[in-house]
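Here is the structure we will look at, set down as structure tokens.
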Amino acid sequence: MHGERESGASRSAHSQRVASRREAPGKSTAGKTAAASASRRAMAVALGLSAAAVPVALLAAFPAVAQEQSDSSGTLQLGTVEVVATTPLSGTGIDADKVPGSVTIIGADQFDRLNSFAVTDGLFQYTPSANTSDVQGNAFFQDFRYRGFAASPLQGTPQGIAVYQNGIRLNEGFGDTVNWDLIPEVAISRAEVFSNNPAFGLNALGGAVSIQMKNGFNYHGFEGSIQGGSFGQIGGNIQYGGEKDGFGVYIAADAVHSDGWRLQSPSDLARFYGDLGWKNDKTEVHLVASAATTNLGVVGPTPVEMLNQNWNSIYTWPQTTNNDMGLIALNGRHDLTDTWQLQGNLYARKFSQSHVDGNDADLEACSNKWNPGVGNTKMCLEEDQFTGPPGGGNPVTNPSYAAFRSQMVLYDQNGNTIPFTALGPNQLYGVINRTWTDTTTYGGSVQATNTDKLLGHDNYFVVGGSVDSSQINFRSNTELGITNTNTLEVVGLGKYLHNIPDYSLPEQYQVFYLPVDLNASATYYGLYATNAFDMTDRATLTVGARLNIAQISMQDATGTSPQLNGDYTFARINPLVGLTYKLTPEATLYGGYSESNRAPTPLELNCADPNRPCLLENSLVADPPLEQVVSHTYEVGLRGNGMLFGGKVNWKLGVYRVDSDNDIISLASQQTGYGYFTNVPATRRQGFEAEMQYVNGPWKFYANYAYLNATYQFTGYLASPNNPYAVDEQVLVTPGDTIPGIPAQTLKFGLDYMVTPKWKVGGDVIAVSSQYYVGDDANQAPMLPGYWVANIHTSYQVTDNIQVFGYINNLFNAKYATYGTFFDTEYLGLNNPQMQSPGQPFSAYAGLKATF
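Residue numbers for the sequence shown follow the UniProt record's numbering, beginning at 1 and rising by one.
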């Protein structure tokens with residue numbers, strides 16, 4: 001990973017299905033004053049549109065009202081009820097119209113429509129205020145961002161979304177990361193994206209994603225498909241489901257290989273999911289097994305000077321991430337009475353990850369003056385990356401400085417100093433950083449649901465608890481290498497580097513460049529209750545709360561780094577209150593307030609000191625404790641359905657504000673590739689979102705728009721060492737400055753048309769506004785331009801059982817970038833410190849699907 005680390009920010013991109021055109025130059029302006037003013041104007045317009053849209057939406061619903069008037073008793077006659085689970089376990093569910101927040105439901109047919117192997121593509125496409133961030137330059141290893149909060153596979157990205165699969169927490173134990181590449185898209189029955197709901201536990205700062213998988217009771221038949229196309233991609237999937245005599249079975253598997261459209265970025269994925277179920281009229285039990293292995297080329301952003309010469313170029317390699325996962329789970333439900341139901345699950349999950357990261361290196365010849373006995377032929381860390389003791393650099397008058405400098409000397413695995421020899425032409429010293437993470441997680445949850453009437457009114461009560469306990473081993477090392485400046489490949493020399501920290505110095509002057517072997521445990525307890533009470537047949541009041549307790553323990557396994565040892569406990573009760581009111585049978589007003597929290601992860605707790613930064617995917621040091629993050633969400637909106645021009649329309653409008661206390665962000669260090677985590681006092685994410693779906697005969701249309709104003713709400717300095725506008729490698733942030741990497745506006749829409757009963761055509765368009773480069777927290781540099789993307793697809797049903805299909809991404813083959821940051825230009829002697837993650841060019845795919 002190159003350049004400056006993300007600071008809890010978001011970028012937007014559509015991974016496998018993208019095309020674009022840059023905005024006109026006038027759309028990307030420098031300077032935070034104009035941007036802040038534009039943001040305020042846009043927010044005012046959004047709020048105005050929200051208010052103005054209420055009567056318009058009601059008028060749109062009235063044609064249906066005429067058909068579904070109240071009966072003689074005055075009771076509303078409701079249409080189709082969409083049931084959702086407002087807690088991690090499904091339970092009996094509740095009418096989605098009674099949820100006092102935003103809910104987006106994405107069905108299996110919507111995922112299938114995209115023909116994508118990446119789960120995040122479907123989540124992004126259909127969810128307002130959602131983006132995907134392709135920091136690592138791989139379609140399967142991208143972030144999912146919702147309202148400016150992340151669920152990312154990248155260690156070093158502060159996480160803010162809770163993710164569940166069949167009630168099992170998928171946020172990994174070490175860094176709360178979410179490895180979307182391990183979820184077989186073909187096996188998803190539906191996904192639900194929630195906003196303000198603390199019942200989903202830790203990390204639900206911005207919301208939660210709950211994924212329900214298929215089983216033998218809800219999927220019947222056999223389907224297999226194979227597809228291939230641009231950049232050497234070929235893949236396929238199979239699934240089968242059926243039931244007999246109360247037993248159900250479902251199995252699914254998929255696999256894909258891609259050479260990658262950028263250099264040195266191949267990917268291989270293989271995933272399996274199976275479900276064996278049994279049920280009768282009162283009880284249902286499922287035994288679930290899942291496994292996956294993925295090998296991904298994650299090449300990251302590239303300097304713009306290199307991209308101008310070759311759009312698929314990369315910055316140093318190798319850059320690979322390998323993931324392996326195995327899961328076994330038992331879940332079930334039992335109807336205790338007609339109104340009480342009990343649900344629960346038990347699971348065991350094993351996750352292993354190895355990461356290889358070829359990088360540039362901040363190394364130099366040691367100075368004989370400052371390192372007596374070492375001489376200027378030995379290898380040292382560059383001193384100016386670190387803060388030295390005050391009093392000047394003379395070791396005679398300032399002995400602390402001599403001790404400080406002695407820490408810069410590097411040694412190999414045998415304790416020998418390393419010669420700093422002159423290299424040949426087109427060669428520079430580099431390093432290969434490697435990490436290994438092994439996590440075993442055991443967990444379970446239990447939940448009781450009651451639907452007894454309360455005071456004569458319908459009532460939905462849920463109480464439950466959960467335990468998730470992870471045992472973690474994290475290891476890392478750094479190998480000295482040589483970089484070929486023509487190919488930018490880093491070739492290892494077999495020498496594994498470390499220094500010797502001087503513990504006699506004050507902590508802020510101690511330097512750590514060490515291999516790591518860390519054992520950690522992270523145990524999360526949760527206890528929650530929610531109650532939805534129908535005060536009238538129109539109004540539903542929801543109240544609830546959840547207690548979260550996080551216990552984290554870390555122990556150094558090497559015996560040489562006791563500073564890594566530590567025990568931490570975080571606890572908090574998060575409330576929820578909300579109200580929904582049916583204005584008409586087709587229009588519902590909703591509003592709510594909630595709080596959520598997340599505890600610092602083991603990774604963050606051991607990497608929080610700017611004076612002792614960590615290679616975020618490599619090494620750890622002991623650091624000042626971090627505070628837990630608390631979010632406060634306010635939300636109000638209007639949603640409904642009705643008939644419009646002879647077709648069925650569903651729509652939603654909403655505004656929200658999320659204020660976060662002690663938000664955790666990641667910042668870059670002076671030392672290349674290194675960074676650290678820190679709390680900032682306050683951040684704010686607020687916005688407006690609108691969506692609609694329309695079906696009329698052979699036509700299907702969807703659209704969603706979101707405006708997001710993500711800002712810092714404090715005054716202070718943040719590190720930004722490679723930012724050309726920084727002073728002393730810092731920038732001054734003031735209230736209202738936009739959080740980098742988060743586009744203010746996104747627009748997504750798509751259309752499908754059945755030309756004949758057998759032939760379907762369709763397309764999608766995505767538009768994303770400009771965003772600040774990550775590291776430009778003071779909003780001083782020119783912005784990364786916005787872009788729009790377009791894709792088309794078609795399918796033809798050759799027989800009842802055989803379908804052929806094809807799709808094109810980046811229809812106009814335009815160049816665009818989805819992410820930008822800064823880097824140190826000195827290594828290759830470049831001039832422009834900007835680097836970008838380029839988007840995928842024109843690509844075409846075709847496939848065959850068989851269904852029985």
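Every residue gets a Cβ at the ideal spot worked out from N, C-alpha and C, and that includes glycine.
Nothing here was measured: the structure is a model prediction, and the numbers come from that model.
Through-space distance from residue j to residue i, alpha-carbon basis
| i | j | result |
| --- | --- | --- |
| Lys760 | Ala187 | 24 Å |
| Gln508 | Tyr315 | 32 Å |
| His498 | Tyr347 | 40 Å |
| Arg657 | Gly206 | 10 Å |
| Ser267 | Tyr796 | 29 Å |
| Gly326 | Ala291 | 4 Å |
| Tyr503 | Ala703 | 59 Å |
| Gln836 | Phe461 | 49 Å |
| Ser313 | Thr417 | 35 Å |
| Gln341 | Glu243 | 23 Å |
| Thr435 | Lys748 | 38 Å |
| Thr449 | Gly93 | 9 Å |
| Asn486 | Met306 | 12 Å |
| Lys849 | Gln730 | 55 Å |
| Ser660 | Ser631 | 4 Å |
| Val649 | Gly640 | 8 Å |
| Leu336 | His286 | 18 Å |
| Trp261 | Gln227 | 17 Å |
| residue 856 | Ala781 | There is simply no residue 856 to check, as the chain begins at 1 and stops at 852 in what is shown. |
| Ala557 | Ser476 | 12 Å |
DSSP-derived helix/strand/coil call for residue i
| i | result |
| --- | --- |
| Leu306 | According to the sequence displayed, residue 306 carries Met and not Leu. It is helical. |
| Thr483 | strand |
| Arg405 | helix |
| Pro838 | strand |
| Lys214 | coil |
| Phe200 | helix |
| Trp651 | strand |
| Ser152 | coil |
| Phe474 | strand |
| Ala767 | strand |
| Phe231 | helix |
| Asn779 | coil |
| Tyr509 | helix |
N-terminal and C-terminal residue of the alpha helix (DSSP H) that residue i is part of
| i | result |
| --- | --- |
| Val604 | Looking at the sequence itself, residue 604 is Glu, so the reference to Val does not match. Taken as a continuous stretch (DSSP letters only), the alpha helix (DSSP H) holding Glu604 covers Pro602 to Leu605. |
| Asp121 | Val119 to Tyr126 |
Element boundaries [beta strand (DSSP E), containing residue i]
| i | result |
| --- | --- |
| residue 913 | Outside the displayed span of the chain (1 to 852) sits residue 913, for which this structure offers no information. |
| residue 857 | This structure cannot settle anything about residue 857, because the visible part of the chain is limited to 1 through 852. |
| Leu848 | Ser843 to Thr851 |
| residue 854 | Beyond the ends of the chain as shown, which are 1 and 852, falls residue 854; an answer cannot be given. |
| Thr821 | Ala817 to Phe822 |
| Gln803 | Ile802 to Asn809 |
Bridge partner(s) assigned by DSSP for residue i
| i | result |
| --- | --- |
| Gln341 | Asp335 and Thr449 |
| Val490 | Thr483 |
| Asn295 | Asp268 and Asn322 |
| Ser596 | Ser631 |
| Leu327 | Ser290 and Arg349 |
| Asp360 | Gly430 |
| Arg572 | Asn548 |
| Glu82 | Glu82 is not bridged to any residue. |
| Asp95 | Val83 |
| Ile251 | Tyr240 and Gly274 |
| Glu586 | DSSP output for Glu586 lists no bridge partner at all. |
| Arg684 | Asp659 and Thr711 |
| Val462 | Thr449 and Thr530 |
Within-8 Å CB hit, residue i to chain C
| i | result |
| --- | --- |
| Ala365 | Going by chain labels, chain C is absent from the structure shown, which holds only one protein chain. |
(message) Measuring CB atoms only, is the region 783–792 touching the region 693–702, in the sense that at least three cross pairs come out at less than 8 Å?
(response) Too few Cβ pairs lie closer than 8 Å, so no.
(request) Would you check if the region 349–356 and the region 308–322 touch, i.e. whether three or more CB-CB distances between them fall below 8 Å? (result) Contact between the region 308–322 and the region 349–356 is established, with three or more Cβ pairs separated by less than 8 Å.
(request) Specify whether the region 197–213 and the region 157–164 touch according to this definition: at least 3 beta carbon pairs, one from each stretch, less than 8 Å apart. (result) yes
(request) Check whether the region 533–550 touches the region 564–578, counting contact only when three or more Cβ pairs, one atom from each stretch, lie closer than 8 Å. (result) yes
(request) Flag this pair as touching only if the region 114–122 and the region 175–183 have three or more C-beta atom pairs under 8 Å; answer yes or no. (result) yes
(request) May I ask you to verify whether the region 101–113 touches the region 121–131, counting CB pairs closer than 8 Å and requiring at least 3? (result) yes
(message) For the region 293–306 against the region 137–154, do three or more pairs of beta-carbon atoms, one drawn from each stretch, fall closer than 8 Å, so that the two count as touching?
(response) yes
(message) Below 8 Å, how does it come out for the region 142–150 and the region 400–416: are there three or more Cβ pairs, yes or no?
(response) As far as the Cβ criterion goes, the region 142–150 does not touch the region 400–416, which means the pair count is below three.
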